[in-house]
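Just so you know, the sequences run in chain order A and B.
The first sequence begins at 1 in our numbering and counts up by one.
The second sequence begins at 1001 in our numbering and counts up by one.
There are 2 protein chains.
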Amino acid sequence: MRGGCGVRAMTGRETPWVERFPGLSRLAQETKDLLLSKSSIVEVPSGTVIFGPGKSPENMLFLLEGTVRVQQVSDTGREIVLYRIHSGESCVLTTACLLAYEDYAAEGIAETAVRAVAVPRKVFDDLVGQSKAFRDFVFAAFSKRITDLFLMVDEVAFQRMDVRLGQRLLALADAAGAIATTHQKLSVELGTAREVVSRQLQEFQRRGWVQQSRGKVRICDRRALENLVEHH
Amino acid sequence: MRGGCGVRAMTGRETPWVERFPGLSRLAQETKDLLLSKSSIVEVPSGTVIFGPGKSPENMLFLLEGTVRVQQVSDTGREIVLYRIHSGESCVLTTACLLAYEDYAAEGIAETAVRAVAVPRKVFDDLVGQSKAFRDFVFAAFSKRITDLFLMVDEVAFQRMDVRLGQRLLALADAAGAIATTHQKLSVELGTAREVVSRQLQEFQRRGWVQQSRGKVRICDRRALENLVEHH
DNA sequence: GGGTCGTTGGTGACAATGTCACTGAGGCGC
DNA sequence: GCGCCTCAGTGACATTGTCACCAACGACCC
């Protein structure tokens, strides 16, 4: 599963990736050709720090497979997950930000093995100039990110910890309700302390909503958690 | 000072506003002309809700004078100031966001009398397509906003209240160190409760750092507050 | 003047969350 | 087994948020 990590040239033989990319498939053929010919596909293994303080990326990335976790590292030593970039989404904004401002404290980490299209800045800029459809794609991505960050601020500032933990558990669980993570990692998700997560999980377990074991949490009563999240 | 609130056509006789707008003055003359001919100047009185839930703006705004306060209104009834748009900056991102997503909870309020240039969406899109300089301007605005929001999340999640209050007092004070505001308004700035602000201000006063009176706070020892903020 | 009312700020009790120091349990390599 | 590291549990305490209530002030009316 965890493929190589080099840069691979496009062959053009297989189904072009643009078509499988929601939001880009409606570009003009001419635009697609430009995108296909001037970009390359990169693969990075899970755990790679794609960008971070002192490490700016020189390309715009469009994720084909995998997820990238973007988190803020505070100078107090604590961390909080800002958002994730999933396949079908782009790193555009993050990249743009980091190019514009040197003193950022956010980092992007490949959470799984990642396959992405790397588009050079120059090509990206040309595309924005040429194609209205591409512009719409880019601005929609920016907009989504900013509104999400608005909600993030709202959540961090005003939401109770039990509700936020419930949300994350539901979001991170697989179909069977299992989550392979530690209390420490969950605390980074929420930007809180490990002890707080431990206490909340104990309370959830006491109520029979989850079952804990070392490095794992299993949701037993999804309905109850959803109810908690709903009725904030 | 509080002028009319209508839309006024550009006369073209006075110094074009583009020139006084940092970041736009380096546009090509052709681009400037397009911007000048297709946009209008609007004036709104202090306190006007420029956009909010259920009230999307149909134009992109470029602020010539005044400031707009953007705040998130939580469904719990609490509020927090997200950022301010000052003269020389644009509303682009906010506008873009709100157009893209209906269910937002942010609102923009004219904090002073505001004079701004209203650019129709179509013209805005054309400009982004035509001018690399305009693109750079827009992307720089987006980038700045997103990195600021990153810092905002960091601050809300990890910073102590006394430090955050000290920061705001320093930021809001005039040259003489005076701030005309209530504890309630300060609590909205920080997204906290009024009682918390009252307690912190009392502590600051006890230490001789500020002097309180009804509806006013005066900074007596700016150095001390700066020291608090520095040494987080 | 006196009365009424909304705004502003003060207070105490309590709950929720964050911080710190420490403990012990589980897993892994040797 | 033994040592070592990660992971989780615990209690004491500080900070912050919530709630209910009250007092002071200013604006307004009579």
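Glycine residues also receive a C-beta, built at the ideal position from the N, C-alpha and C atoms.
Hey, which unbroken runs of the alpha helix (DSSP H) at 4 residues or more fall wholly within the region 129-203 of chain A? 132-158, 161-172 and 183-190
So what does residue 59/A bridge to, in DSSP terms? 120/A
In terms of residue numbering, what span does the alpha helix (DSSP H) encompassing residue 229/A cover? Boundaries of the alpha helix (DSSP H) harbouring residue 229/A: 222-230, taken from the DSSP string.
Distance check for residue 1164/B and residue 119/A, CA to CA, integer angstroms please. Between the alpha carbons of residue 119/A and residue 1164/B lies a distance of about 40 Å.
Chain-order list of residues whose beta-carbon lies under 8 Å from that of residue 142/A (same chain, five-residue window excluded): Within the same chain, residue 142/A has close Cβ partners 92 and 93.
Residues of chain B with CB closer than 9 Å to the CB of residue 194/A, please, in chain order. None at all; the shortest Cβ gap to chain B is about 15 Å.
Could you tell me if residue 1236/B is buried or exposed, where buried requires 16 or more neighbouring beta carbons within 10 angstroms of its beta carbon? With chain B covering 1001 to 1232 only, the question about residue 1236/B has no answer from this structure.
Cα-Cα separation between residue 1068/B and residue 1116/B, rounded to whole angstroms: 11 Å
Answer yes or no: do residue 1196/B and residue 1108/B have a C-beta to C-beta separation smaller than 9 Å? If you check the CB distance, residue 1196/B and residue 1108/B do not come in under 9 Å.
So which of 20/A, 61/A, 80/A and 34/A has the shortest CA-CA distance to residue 1150/B? 80/A
When we look at the beta-carbon of residue 1200/B and count the other beta-carbons within 10 Å, is it buried (16 or more) or exposed? Classification of residue 1200/B: buried, given that the 10 Å Cβ count is 16 or more.
Quick one: list the residues of chain A neighbouring residue 1109/B, beta-carbon separation under 8 Å, in chain order. Neighbours of residue 1109/B on chain A: none; closest Cβ ~15 Å, over 8 Å.
Would you check if the region 123-139 of chain A and the region 43-58 of chain A touch, i.e. whether three or more CB-CB distances between them fall below 8 Å? no
I need the boundaries of the beta strand (DSSP E) containing residue 82/A, first residue and last residue. 79-85
Would you say residue 54/A reaches chain B, if we count a Cβ-Cβ gap shorter than 9 Å as a contact? no
Against chain A: residues of the region 1162-1189 of chain B by CB proximity under 8 Å: none
Along chain A, which residues have their Cβ under 8 Å away from the Cβ of residue 1104/B? 147 and 150
Would you check if the distance between the CB atom of residue 145/A and the CB atom of residue 83/A is smaller than 9 Å? yes
Just tell me which of 15/A, 184/A and 180/A has its CA closest to the CA of residue 64/A. 15/A
Quick check on residue 1137/B - is its C-beta less than 9 Å from some C-beta in chain A? no
Indicate whether residue 1071/B and residue 1113/B have their beta-carbon atoms separated by less than 9 Å. Cβ distance not < 9 Å, so residue 1071/B and residue 1113/B don't count as in contact.
What residues in its chain sit with their C-beta under 8 Å from that of residue 140/A, if we drop five residues either side in the sequence? 23
Would you please verify whether the beta carbon of residue 84/A is less than 9 Å from any beta carbon of chain B? no
Cβ-based burial, residue 1215/B [other Cβ within 10 Å; buried from 16]: exposed
Taking just the CA atoms, how far does residue 127/A sit from residue 19/A? 17 Å
Could you compute how far the alpha carbon of residue 1046/B sits from the alpha carbon of residue 1066/B? When only Cα atoms are considered, residue 1046/B and residue 1066/B end up about 9 Å apart.
Is there a Cβ from chain A that is less than 9 Å from the Cβ of residue 1153/B? yes
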